[in-house]
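Per our numbering: the sequence shown = residues 1 to 394.
Note that beta-carbon positions come from the ideal geometry of N, C-alpha and C, so glycine has one too.
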Amino acid sequence: MKVYTVSQVNQHIKGLFDADEALQAIFVRGEISNYKMAYSGHHYFSLKDEGGVLKCALFKGRAVTGLRFKPANGMKVVAYGYVGAYPQNGEYQLYVDALKPEGAGDLQAAFEELKAKLADQGLFAPEHKKPIPAFPGRIALVTSPTGAAVRDMIRVLGARWPMAEVCVVPCLVQGSEAAGQIAAAIRWVNEKHLADLIITGRGGGSMEDLWCFNDEVLARTIYASDIPVISAVGHEPDVTIADYVADLRAATPSNGAELAVPDQNDQYALLHHLGQRMAKAVDRQVREARSALTHAGRSRMLQNPMTWVDDRRMVLDHQRERLAHALAGALGADREQFARLAASLDALSPLKVLSRGYAVARGPHGVMKSVRDAESGDKLKLKLSDGELSCTVD
């Protein structure tokens, strides 16, 4: 008879589980119980139904990519993974790779369908996003008045920018009536002009818990709001239709409050810095003005005002001399040109020709150019350089 050790039996059983292909990729539906999260980041719980219980383990590495909600006891879920034995304690369990709330597949399909529809209609377009006011005076929080989210937002707003007036507009943020109440609250804030900025949202939860923020009517109400809207729904991984259509999406309600207002400490530091720069600039201008005044006080003109007049007189005398010199030069040039023209004109004068022994004969019909122009007995006038003679043609 062969006797086995406990470890051998457990290893054999583990081998049987590992060899069964049906257990290596399996979906299991059940209700979460005995849920706990270890300090290491691993999740341990059981899935149960009316006929049994199955232990489960979701390790930290898988939880980062395969867990998009916060598990809780009593939640109905669908787990995907493989069944294996753990030899150290002789128990078998489901090693979970992904965990989703039951019905999440249908909800995800509806989410994607509405998302595509509204995107095609331009509700998510960046050019339709309204700018968030830099220093909002009044902020309306459209959320549940009793949840942790509203307390976190009020706390952050008060710490960062206590100058803003915060108005809580109460409404449901979970359930079948939540979407209608949120939309009505946003419309009411717009109609009454109650705020410069609206923050709507809630804390984290399952896809079902956040489903009211995937409502089409609410999405169109946010899009039509004249007041900018910040959507602050759930945790960082949670994304809703309201996030896409809002003017700004925040990762959490606290982050929404941070994005809504500036930090007063930063503003005080900026004002202090600007005040120092202004003081330095004024001090520099005063020093420069004082230096200019001292220099001006030492100037010769202020000590003897007639100095300025004397300087102007000297300038005037200098200009007068320059003008006289210029006029004399211009007049001399004109005289020289006149003499040259007069000499040229004199050289062409008929009187100049007469001075060389020539004469001009004029008959009854004017200056005679040929002997044929004269007849015997004609009276002629001979123009000489120093006078005129009367002659008769013989």
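Distance, residue j Cα to residue i Cα
i	j	result
residue 162	residue 193	21 Å
residue 257	residue 160	9 Å
residue 262	residue 158	11 Å
residue 76	residue 48	9 Å
residue 250	residue 34	33 Å
residue 384	residue 349	14 Å
residue 308	residue 318	15 Å
residue 92	residue 174	38 Å
residue 144	residue 6	56 Å
residue 395	residue 282	Residue 395 lies beyond the stretch modelled for the chain, which goes from 1 to 394, so this question has no answer here.
residue 12	residue 3	14 Å
residue 200	residue 167	12 Å
residue 243	residue 231	5 Å
residue 58	residue 131	42 Å
residue 84	residue 214	38 Å
residue 393	residue 352	26 Å
Span of the alpha helix (DSSP H), counted from its first residue to its last, around residue i
i	result
residue 133	First-last for residue 133: undefined, no H or E at that position.
residue 279	264-297
residue 185	178-192
residue 173	Note, residue 173: premise wrong, no alpha helix (DSSP H); not H, not E.
residue 69	Per DSSP, residue 69 belongs to no alpha helix (DSSP H) and is neither H nor E.
residue 378	From DSSP, residue 378 is part of no alpha helix (DSSP H); its letter is neither H nor E.
residue 221	216-224
residue 308	306-347
residue 244	241-245
Enclosing beta strand (DSSP E) for residue i [first to last residue]
i	result
residue 45	43-49
residue 160	First-last for residue 160: 148-160, but that is the alpha helix (DSSP H), not the beta strand (DSSP E).
residue 129	Where residue 129 is concerned, there is no enclosing beta strand (DSSP E), given that its DSSP letter is neither H nor E.
residue 14	That residue, residue 14, is in no beta strand (DSSP E); its alpha helix (DSSP H) goes 6-19.
Residues bridged to residue i (per DSSP)
i	result
residue 30	77
residue 93	84
residue 232	201 and 250
residue 366	363
residue 388	383
residue 52	49
Beta carbon of residue i nearer than 8 Å to that of residue j
i	j	result
residue 182	residue 212	yes
residue 82	residue 23	yes
residue 375	residue 382	no
residue 197	residue 228	yes
residue 62	residue 18	no
residue 140	residue 195	yes
residue 126	residue 203	no
residue 165	residue 138	yes
Residue-chain proximity (residue i, chain C), Cβ-Cβ < 8 Å
i	result
residue 244	Protein chains in the displayed structure number just one, and chain C is not present.
Residue i, buried or exposed, once every other Cβ within 10 Å from all chains shown has been counted against 16
i	result
residue 209	buried
residue 218	buried
residue 135	exposed
residue 364	exposed
residue 120	exposed
residue 280	exposed
residue 338	exposed
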